[in-house]
Amino acid sequence: MNQNDNINMYEGLASYFLPEGVLKYFEVTDFATQRTLDKDVLYTTELHIYLDERDNRTPDMKDSVSNGFGAESCLLDYPARDKKAVLHIRRRRWTMPDGTTRSVDLDKEFELKHKGTRYAKDFALFLKRANGL
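Throughout, the working numbering is defined as the position within the sequence shown, counted from one, plus 10.
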């Protein structure tokens, strides 16, 4: 089994844990578990899932050139098997023919982060309902 097969297995398994639609726009590059240092928390282990944005260029960006990734951002998602879930997300940057740099605007098609929070959209809405908000 080669590395691509492993990544496809990761994505197949991750599709059960990740918010719906994530794998259309992002690929799983790695995952890890880590024990938390704080003993006074509900979850003592964290599941870290690393996601890189796929090539989601729009037709108006066809002549752009990949310019790596922007800074990683972290979102909290539903706990999985008694582990706090942390999504590490890297968005692609593109250099346009005129020299400007931009990212693909995914907000029109896909809302991963709930506005004003560091939580995945579905998890934030769940917490609001659970607290009667």
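Beta carbons are placed, not taken as given, at the ideal position from N, Cα and C, and that holds for glycine.
Could you tell me the boundaries of the beta strand (DSSP E) in which residue i lies?
i	result
V32	That residue, V32, is in no beta strand (DSSP E); its alpha helix (DSSP H) goes V32 to Y35.
T55	T55 to E63
S76	V75 to F79
R100	K93 to R100
F130	In the sequence under discussion, the amino acid at residue 130 is Ala, which differs from the Phe named in the question. Careful: A130 lies outside any beta strand (DSSP E) and carries neither H nor E.
Based on DSSP bridge pairs, tell me the residues matched to residue i.
i	result
T105	V75 and T111
T43	L57
V8	The structure shown does not extend to residue 8, since the chain is modelled only from 11 to 143, so the question has no answer here.
Classify residue i as helix, strand or coil using the three-state DSSP reduction.
i	result
P29	coil
D87	strand
N66	coil
F82	The sequence shown places Glu at residue 82, not Phe. Here E82 sits in coil by DSSP.
L135	helix
L23	helix
At least three beta-carbon pairs within less than 8 Å, the stretch 30 to 39 to the stretch 64 to 73: yes
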